[in-house]
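Heads up: the structure comes next, in structure tokens.
Dropping the structure here:
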């Protein structure tokens with residue numbers, strides 16, 4: 001049952017990514033060139049809805065179905081980690097037009113080249129693991 | 138009726154739907170974040186033997202692998218079973234700019250990615266492979282260093298009003314702007 005549940009919610013996510021056109025390389029270029037409101041509208045609506053929901057959930061002390069606290073793990077404060085890591089990700093995002101979620105959705109579209117991007121992303125993650133002790137966090 | 142979900146959605150509907158996915162996962166006791174799967178994949182491949190970072194209980198992340206498995210199925214459903222009737226209506230300014238650097242706008246055959254970079258025959262060209270591999274490498278390295286991607290930082294983190302996530306998103310834009318405006322036109326000349 002749980003297997004089916006996560007597979008289902010992932011399917012819904014992949015469907016949303018496609019119909020929202022957030023998986024589109026062209027939409028990502030358009031966003032970084034500030035030539036359309038489309039992507040800003042999507043992320044903006046998601047964040048405003050998300051922030052309202054998280055605020056309400058905290059006020060009403062809503063717990064997860066498991067009885068645990070909601071997983072809203074605060075992240076440790078640091079600047080270099082988020083700024084440098086974020087910038088490197090941004091370079092790759094604009095190059096491939098895909099962040100990690102859409103990469104998998106594009107595979108479902110039959111864009112086989114994205115398999116190489118995924119391979120690169122796994123390799124990049126591995127390299128991060130190797131160099132992690134030497135990087136500022 | 139089916140057209141309502143098969144045709145491209147308005148941005149507000151899409152944004153609301155993404156937030157709903159995040160809430161469903163939170164309610165299930167999980168955290169919405171896709172890039173963590175890349176670390177899990179390294180661990181499954183045995184990276185934990187040499188690198189400490191990959192020694193963690195990846196089985197607890199099995200649900201997230203199912204989630205991205207679903208994301209593949211969702212992409213197939215949305216293009217093969219319930220396809221939109223026309224490619225995305227990307228801004229004409231963007232399309233004419235892309236034309237000027239040698240990339241066609243969205244077409245019926247290649248509606249989400251440009252054929253010049255991602256058509257299947259590029260698998261047989263060194264330039265094509267390097268482009269995809271380096272792009273992916275930057276995404277993997279950057280997301281893990283930053284501790285999250287668009288889902289973990291831009292959506293989950295900003296929804297929880299976390300300053301680290303805002304810094305990460307500023308980083309995403311510094312990198313994205315540099316690539317789109319300066320580096321991409323240079324690469325495409327090579």
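Chains as they are written, first to last, in the numbering used here: chain A, 1 to 137; chain B, 138 to 327. Every residue, glycine too, gets a C-beta built ideally from N, C-alpha and C.
What residues in its chain sit with their C-beta under 6 Å from that of residue 80/A, if we drop five residues either side in the sequence? Counting from 1 along the first chain, the entry for residue 80/A is found at position 80. The residues are 136.
Do we get a CB-CB distance below 8 Å when we pair residue 294/B with the residues of chain A? Locating residue 294/B in the second chain gives position 157, counting from the first residue. Chain A contact via Cβ: present.
Could you tell me whether the Cβ atoms of residue 305/B and residue 97/A are closer together than 8 Å? By 1-based counting over the second chain, the position of residue 305/B is 168. By 1-based counting over the first chain, the position of residue 97/A is 97. No, the Cβ-Cβ distance between residue 305/B and residue 97/A is not below 8 Å.
Chain A within 8 Å of residue 148/B, Cβ atoms only: Taking the first residue of the second chain as 1, we reach residue 148/B at position 11. With 8 Å as the cut-off, residue 148/B counts as an interface residue toward chain A.
By Cβ distance below 8 Å, which residues in the same chain neighbour residue 71/A in space, the five residues on each side in sequence not counted? On the first chain, position 71 is the one that residue 71/A refers to. Cβ neighbours of residue 71/A beyond the five flanking positions: 64.
Taking a contact to mean a Cβ-Cβ separation below 8 Å, would you say residue 221/B touches residue 16/A in this structure? Counted from its first residue, the second chain places residue 221/B at position 84. Counted from its first residue, the first chain places residue 16/A at position 16. In terms of Cβ geometry, residue 221/B and residue 16/A do not form a close pair [threshold 8 Å].
Could you name the residues of the segment 50-65 of chain A whose beta carbon sits closer than 7 Å to any beta carbon of chain B, in the order they occur along the chain? Within the segment 50-65 of chain A, the residues whose Cβ lies closer than 7 Å to some Cβ of chain B are 50, 51, 53, 54, 64, 65, listed in chain order.
Relative to the alpha-carbon of residue 103/A, which residue among 9/A, 18/A, 38/A has its alpha-carbon at the smallest distance? To locate residue 103/A, count along the first chain from 1; it is residue 103. Checking every option, the nearest Cα to that of residue 103/A belongs to 18/A.
Taking only beta-carbon atoms, is residue 113/A less than 8 Å away from chain D? This model lacks chain D altogether, as its protein chains are A and B.
Indicate whether residue 92/A and residue 303/B have their beta-carbon atoms separated by less than 8 Å. If you number the first chain from 1, residue 92/A lands on position 92. If you number the second chain from 1, residue 303/B lands on position 166. No, the pair does not count as a contact, with Cβ atoms beyond the cut-off.
Rounded straight-line distance, which links the Cα of residue 241/B to that of residue 252/B: For this step, residue 252/B is matched to residue 115 along the second chain. For this step, residue 241/B is matched to residue 104 along the second chain. If I take the Cα positions, the gap works out to 8 Å.
Closest by C-alpha distance to residue 87/A, when choosing among 233/B, 281/B, 184/B: Here residue 87/A corresponds to residue number 87 of the first chain, with the count starting at 1. Of the listed residues, the one whose Cα sits closest to residue 87/A is 281/B.
For residue 245/B, the three-state DSSP class (helix, strand or coil): Counting from 1 along the second chain, the entry for residue 245/B is found at position 108. In the structure shown, residue 245/B sits in coil (DSSP, three-state: anything other than H, G, I, E or B).
Return helix, strand or coil for residue 62/A, following the three-state DSSP convention. For this step, residue 62/A is matched to residue 62 along the first chain. Reduced to three states, the DSSP call for residue 62/A is coil.
To the nearest angstrom, report how far apart residue 152/B and residue 42/A are at their CA atoms. For the purposes of this step, residue 152/B is taken as residue 15 along the second chain, with counting starting at 1. For the purposes of this step, residue 42/A is taken as residue 42 along the first chain, with counting starting at 1. When rounded, the distance between both Cα atoms is 4 Å.
Output yes if chain A places a C-beta closer than 8 Å to the C-beta of residue 298/B; else output no. For the purposes of this step, residue 298/B is taken as residue 161 along the second chain, with counting starting at 1. Contact of residue 298/B with chain A is assigned, a C-beta pair being separated by under 8 Å.
Quick check on residue 14/A: does DSSP put it in helix, strand or coil? Walking along the first chain from the start, residue 14/A turns up at place 14. Reduced to three states, the DSSP call for residue 14/A is helix.
To the nearest angstrom, how far is the alpha carbon of residue 235/B from that of residue 189/B? Within the second chain, numbered from 1, the residue matching residue 235/B stands at position 98. Within the second chain, numbered from 1, the residue matching residue 189/B stands at position 52. Going by the C-alpha atoms only, they are around 43 Å apart.
Near residue 30/A, what residues of its chain come up, given a Cβ to Cβ distance below 8 Å and the 5 sequence neighbours on each side ignored? The count along the first chain starts at 1 and reaches residue 30/A at position 30. Excluding positions up to five away in sequence, the list reads 36, 38, 39.
Taking a Cβ distance cut-off of 9 Å, strictly less, list which residues of the segment 86-97 of chain A are near chain B, in chain order. So the close ones are 86, 87, 88, 89, 90, 91, 92, 93, 94, 95, 96, 97.
Kindly give me the distance between the Cβ atoms of residue 114/A and residue 107/A, rounded to whole angstroms, as I take these residues to be in contact under 8 Å. Sequence index remark: in the first chain, residue 114/A carries index 114 (1-based). Sequence index remark: in the first chain, residue 107/A carries index 107 (1-based). About 6 Å; that satisfies the 8 Å criterion.
Go ahead and pull the three-state DSSP assignment for residue 103/A. As a working mapping, residue 103/A is identified with position 103 in the first chain. Residue 103/A falls in the helix class under three-state DSSP.
Close-in-space but distant-in-sequence residues of the same chain around residue 198/B (CB under 6 Å, 5 per side omitted): Taking the second chain and counting its residues from 1, the one referred to as residue 198/B is at position 61. Answer for residue 198/B: 177, listed in chain order.
Pick out whichever of 12/A, 21/A, 6/A, 11/A has its Cα sitting closest to the Cα of residue 144/B. Numbered from 1 along the second chain, position 7 holds the residue referred to as residue 144/B. Cα-wise, what sits closest to residue 144/B is 21/A.
At the level of alpha carbons, what is the spacing between residue 328/B and residue 66/A? With chain B covering 138 to 327 only, the question about residue 328/B has no answer from this structure.
Just how far apart, CA to CA, sit residue 186/B and residue 298/B? Along the second chain, one-based indexing puts residue 186/B at 49. Along the second chain, one-based indexing puts residue 298/B at 161. When the Cα atoms are used, residue 186/B and residue 298/B turn out to be separated by approximately 37 Å.
Along chain A, which residues have their Cβ under 7 Å away from the Cβ of residue 167/B? Taking the first residue of the second chain as 1, we reach residue 167/B at position 30. The answer, in chain order, is 71.
Which residue wins for smallest C-alpha separation from residue 289/B, given the options 157/B, 169/B, 142/B? By 1-based counting over the second chain, the position of residue 289/B is 152. Nearest to residue 289/B by C-alpha distance, out of 157/B, 169/B, 142/B, is 169/B.
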